[in-house]
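Numbering (the numbering used here), first residue to last: 374 to 603.
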Ligand SMILES: Nc1ncnc2c1ncn2[C@@H]1O[C@H](COP(=O)(O)OP(=O)(O)OP(=O)(O)O)[C@@H](O)[C@H]1O
Ligand SMILES: [Mg+2]
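This is the structure:
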């Protein structure tokens, strides 16, 4: 049985009187790939932000690669996050005017490695996502699908065990979306644990596990917890 990358127990998140997440429990083991689905406002991004330690829960416990988030200072949590989690967003989050090579090299800023080495790894990672011919293109010179592949390269350059993607195909046409999904599958096959938030039923159905969330509650998980421990 593979060790958990992620363990949430009794996790709630409230914003004023809004319960964005209520009593969520989730165990994700190393090497899994799963979809988180649910209607708009259900709490998917809230859940992803808590999984990714960008946000702390109002109550409940979150463990990531064995560390309890509540036991860590903000500084230690940032360091753990940098080493453990890669993020991909619907809107790419690429800075204007920054060439792909440097955007991807920035994914290693935390490691304290020299720029030369970061650029060498960035070149390698851009080739891995099929963009070896676009190293010096800035975001406005790239297609949507290419921008998302740059963002994925930036997320995985440090080889994090966990990749979190919030609607990674939401801004893409279906063909570019399929290329991005194939890339996520490829990273999964190479050993990365991948969590994908999606509105797209076909995408959700194509992943090995589906977690459905509604009104802040996990209402269905295709992996029955007891079976996950078998
Ligand atoms: N910072 C905040 N302050 C107040 N309410 C918030 C905040 N962030 C989220 N919410 C509320 O919490 C609920 C869950 O939001 P969340 O962004 O997690 O939804 P979502 O499932 O990702 O929706 P979408 O599919 O539209 O992205 C929503 O009702 C939202 O209005
Ligand atoms: Mg969202």
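Glycine included, each C-beta is placed from N, C-alpha and C at the ideal position.
Give the C-beta separation of residue 523 and residue 565 to the nearest angstrom, bearing in mind that I take them to be a contact with Cβ-Cβ under 8 Å.
Residue 523 to residue 565, Cβ: 17 Å. No contact.
Quick one: does the C-beta of residue 464 sit closer than 7 Å to a heavy atom of ligand 2?
no
Output yes or no for whether 8 Å exceeds the beta carbon distance between residue 409 and residue 386.
no
Would you check if the distance between the CB atom of residue 504 and the CB atom of residue 492 is smaller than 8 Å?
no
Check whether the region 411-421 and the region 443-456 are in contact - that is, three or more C-beta pairs closer than 8 Å.
no
Measuring only from the beta carbon, is residue 483 closer than 7 Å to any heavy atom that is part of ligand 1?
no
Only counting the same chain, and skipping five residues up and downstream in sequence, which positions put a Cβ closer than 7 Å to that of residue 603?
Unreliable positioning characterises residue 603 in this predicted model, as indicated by a pLDDT of 46, which lies under 50. The coordinate reading is nonetheless provided below. Hits under 7 Å: none found.
Per-residue DSSP class, three states only, for residue 544:
coil
To the nearest angstrom, how far is the alpha carbon of residue 587 from that of residue 479?
35 Å
Decide if residue 520 is buried, meaning its Cβ has at least 16 other Cβ atoms within 10 Å, or exposed.
buried
Relative to the C-alpha of residue 568, which residue among 515, 512, 403 and 407 is closest?
407
Taking the C-alpha atoms as reference points, what is the distance between residue 601 and residue 432?
Only weak support is given to the placement of residue 601: the predicted model assigns it a pLDDT of 48, under 50, and the value that follows is read from those uncertain coordinates. Going from the Cα of residue 601 to the Cα of residue 432 covers about 25 Å.
What is the chain-ordered set of residues for which the beta carbon lies under 6 Å from any non-hydrogen atom of ligand 1?
388, 391, 393, 411, 413, 414, 415, 416, 417, 418 and 419
List the residues that DSSP assigns as beta-bridge partners of residue 376.
Per DSSP, none; premise fails for residue 376.
Here's a check: name, in chain order, each residue in its chain whose Cβ is nearer than 7 Å to the Cβ of residue 430, leaving out the five neighbours to either side.
384, 385, 386 and 423
Using the Cα positions of residue 378 and residue 388, report the straight-line distance between them to the nearest angstrom.
27 Å
Do the CB positions of residue 458 and residue 426 come within less than 8 Å of each other?
yes
Exposed or buried, residue 507, counting other C-beta atoms within 10 Å across all chains shown (16 or more means buried)?
buried
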